[in-house]
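Residue numbers (my numbering), protein chains in the order written: chain D, 1 to 318; chain S, 1 to 318.
Note sheet for the following structure.
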DNA sequence: CCGTTGTGTGAGTATTTGCCCAACAGACAA
DNA sequence: TTGTCTGTTGGGCAAATACTCACACAACGG
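Structure, rendered in structure tokens:
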């Protein structure tokens, strides 16, 4: 009893310090005096509050340029939704900003009273987005993973985020206890036929909204880095013209699925229908730009969360 | 054309600087370098973004103590909703925290798809709350003022906030072009009978939710300070046992309306029904505590947004 | 034309903050 | 008991930030 109490008290104190700092506008010295601790401790509390994600900063000024780019993306590519966040010129992070924006967009969906089915892909961007997500209770919704969650080595795939999100939002979750890429087409069929998998696949087809990452298939392809495909397989995909993958499935520069190769063994669900669902890709960065462009061209997605620079590249026809 | 563009650009830049600072985590030096301005200018941009309210900080840790107090308030006083924010021990602000919380609660209501009627009172706390409100477009809703918006000197009452909120949320607004307190009971009847006033009064009775301030009737009563009642009138109210007012109407320590005196001339609408509407008071501070307690006792409100210290006072029976 | 006023700028400076480090307390095994 | 490990504390200091001031410049009115 004392153990959990201590932990809650600690985060409580951190929240209180954070509140005094950010909302009440106290300096750390004042907080220290008020809470009867040293300034350093106050500083630690505040920074704990920040690092624990208790403190959320949002900017609600619509930066004209970003809005404009978003509107042009929607117009030009016939997207249902588009969101553009500012680019930090110096940073080479591939999630900075889009993660926050994706979390905000998810929250908007989750706020819905009516039960929705939320499809979720995988990848670093989504992982970062989920981390930004504020816990909200929405037991009415269902979250379904669109990819397997087993790494080639048998461990849980690190960038599979279904558990994280389900935990945050207290919704029923439907993971896919499968490898991302099966060892053979036959094995994939076998796996998909399993009694515990079929309902998940069916649910994924009924998703109202899906958030997906886009992975490039360059020499540093995440799919390769994470060990889902071998270098030989990657090279073979590149040779045949694959430029990006979504939930493990490779596509060419026109957004047309690659025939054969690893695609025959990808155990992921299908991307939900763009007719009935909002399929949102969250991706930014020059490495992913060709992939995003291709995904749009192939009508694989109808929503996009990206940054200014990427948006410009996409619009310039690049 | 160039003029508005300049202004938007300025806030845009401020937002961008704020974004780089708070979201991207740059230092002001880095921002200065990236935007090609001096560090001081970068600092100015960031602080502009803050002071313009572009930057919103929220803490989403449920501070156990506050939750507990809120639950006890609801339980003890049979409230539909209660929210308790931390107290800043050193500050004597009467809005710090509750303004933000009230804005958040308003936002929750406004997010509703179904059209709602939002009644709004007056006062410093509400004014501060509206300033915290993020602009959202909700043309489906209606906002109705529960009090007149004319000062005794004929100017628009400063703490009447109906215009501010209508502007922020782009909803249809229904102000009451009336003095807060008429010069005689007869004049009040006459005013209320006007063709442009009657629909507003009817609308106010149909409010789904109302946000009200609670004004104390001590020697520094806001109603007196703002010139709506004279010192003699205030003293008379105090003599007869009035301890607080809501939208100009005075009540005693049991929440029972004062009979006669200024109450005969108060031109405000009735407080919406506690049966059909959520009537939320936003108030904190020791000066207002007796008034809050009385408002609860008299069943004038069924929702409360206050701070820790006030919540404790209320619960201690004080 | 000149003064006034308001706005924006950079320099300088005081305050505030982030972080490293040494000290220290409690847990636990030897 | 002692040593060690882990986690927490506060001092000190460099970096970062907020604020004040003087000045430049454009707009405005006399």
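Note that CB positions come from ideal geometry on N, CA and C, so glycine has one too.
For clarity, every value in this text was computed on a predicted model and none was experimentally measured.
**Request:** List the endpoints of the continuous alpha helix (DSSP H) containing residue 41 of chain D.
**Result:** 39–51
**Prompt:** When the distance is taken between beta carbons, is residue 210 of chain S closer than 7 Å to residue 279 of chain S?
**Reply:** yes
**Message:** Rounding to the nearest angstrom, what Cα-Cα distance links residue 224 of chain S and residue 290 of chain S in this structure?
**Reply:** 18 Å
**Message:** Can you look up residue 6 of chain S in the DSSP assignment and give me helix, strand or coil?
**Reply:** With a pLDDT of only 36 at residue 6 of chain S, under 50, the local geometry of the prediction cannot be trusted, and the value read off the model is given with reservation. Residue 6 of chain S falls in the helix class under three-state DSSP.
**Item:** Reduced DSSP secondary structure (H/G/I, E/B, other) of residue 228 of chain S
**Value:** coil
**Message:** Quick check on residue 302 of chain S: buried or exposed, where buried means 16 or more other Cβ atoms within 10 Å of its Cβ?
**Reply:** buried
**Asked** Between residue 3 of chain D and chain S, is there a C-beta pair that is closer than 7 Å?
**Response** Any reading at residue 3 of chain D must be qualified, since the residue scores a pLDDT of 32, below 50, and its modelled position is unreliable; no value is offered.
**Message:** Suppose the cutoff is 6 Å on Cβ atoms and the five residues either side in sequence are ignored; what does the same chain contact list for residue 43 of chain D look like?
**Reply:** 28
**Request:** Answer yes if the stretch 192–203 of chain S comes into contact with the stretch 172–180 of chain S, meaning at least three C-beta pairs across the two stretches below 8 Å, and no otherwise.
**Result:** yes
**Request:** Taking C-beta pairs closer than 9 Å, name the residues in chain D that residue 44 of chain S reaches, listed in chain order.
**Result:** Result: empty, since nearest Cβ-Cβ is about 16 Å, beyond 9 Å.
**Prompt:** What do you reckon, are the CB atoms on residue 311 of chain S and residue 161 of chain S nearer than 7 Å?
**Reply:** no
**Distance between beta carbons of residue 215 of chain D and residue 255 of chain D, contact taken as under 8 Å** = Residue 255 of chain D to residue 215 of chain D, Cβ: 14 Å. No contact.
**Rounded separation between residue 150 of chain D and residue 31 of chain S - CA only** = 42 Å
**Asked** Within 10 angstroms of its Cβ, does residue 316 of chain D collect 16 or more other Cβ (buried), or is it exposed?
**Response** exposed
**Prompt:** What is the rounded straight-line gap between the Cα of residue 222 of chain S and the Cα of residue 128 of chain S?
**Reply:** 15 Å
**Message:** Whole angstroms are fine: how far does the CA of residue 62 of chain S sit from the CA of residue 263 of chain S?
**Reply:** 41 Å
**In chain order, each alpha helix (DSSP H) run of at least 4 residues that lies wholly inside the stretch 228–302 of chain D** = 231–239, 289–297
**Prompt:** So what's residue 60 of chain D in DSSP terms, helix, strand or just coil?
**Reply:** coil
**Request:** Note down the Cα distance separating residue 270 of chain D from residue 257 of chain D, rounded to an integer number of angstroms.
**Result:** 12 Å
**Message:** Strictly under 7 Å for the Cβ-Cβ distance: is residue 328 of chain D near chain S by that measure?
**Reply:** Lying before the first or after the last residue shown, residue 328 of chain D is absent from chain D, which here runs from 1 to 318.
**Message:** Rounded to the nearest angstrom, what separates residue 276 of chain D and residue 288 of chain D at their Cα positions?
**Reply:** 26 Å
**Item:** Burial state of residue 314 of chain S, where buried means 16 or more other Cβ atoms lie within 10 Å
**Value:** buried
**Request:** Taking the CB atoms as reference points, tell me whether residue 236 of chain S and residue 252 of chain S lie closer together than 7 Å.
**Result:** no
**Prompt:** Which residues in chain S sit within 8 Å of residue 12 of chain D, going by Cβ to Cβ distance?
**Reply:** 61, 63, 64, 65
**Request:** Keeping to the same chain, check which residues put their C-beta closer than 7 Å to that of residue 77 of chain D; ignore five residues upstream and five downstream.
**Result:** 296
**Request:** Report yes or no: do the stretch 177–193 of chain D and the stretch 130–139 of chain D share at least 3 C-beta pairs separated by less than 8 Å?
**Result:** no
**Prompt:** Are the beta-carbon atoms of residue 304 of chain D and residue 110 of chain D separated by less than 7 Å?
**Reply:** no
**Request:** Determine the contact status of residue 144 of chain S and residue 248 of chain S, defining contact as a CB-CB distance below 7 Å.
**Result:** no
**Prompt:** Is residue 109 of chain S close to chain D, meaning its C-beta is less than 7 Å from at least one C-beta of that chain?
**Reply:** no
**Message:** Rounded to whole angstroms, what is the Cα-Cα separation between residue 89 of chain S and residue 45 of chain D?
**Reply:** 17 Å
**Prompt:** What are the boundary residues of the beta strand (DSSP E) that residue 217 of chain D is part of?
**Reply:** Taken as a continuous stretch (DSSP letters only), residue 217 of chain D belongs to no beta strand (DSSP E), as it is neither H nor E.
**Request:** Give the DSSP bridge partners of residue 160 of chain D, in chain order.
**Result:** D/122
**Prompt:** Does any C-beta atom of chain S lie closer than 7 Å to the C-beta of residue 307 of chain D?
**Reply:** no
**Asked** Which residues, taken in chain order from the stretch 159–172 of chain D, show a beta carbon closer than 7 Å to some beta carbon of chain S?
**Response** none
**Item:** Environment of residue 273 of chain S [buried if 16+ CB atoms lie within 10 Å]
**Value:** exposed
**Prompt:** Going along chain S, which residues have a C-beta under 7 Å from residue 320 of chain D?
**Reply:** Only positions 1 to 318 of chain D appear in this structure, which leaves residue 320 of chain D out of reach.
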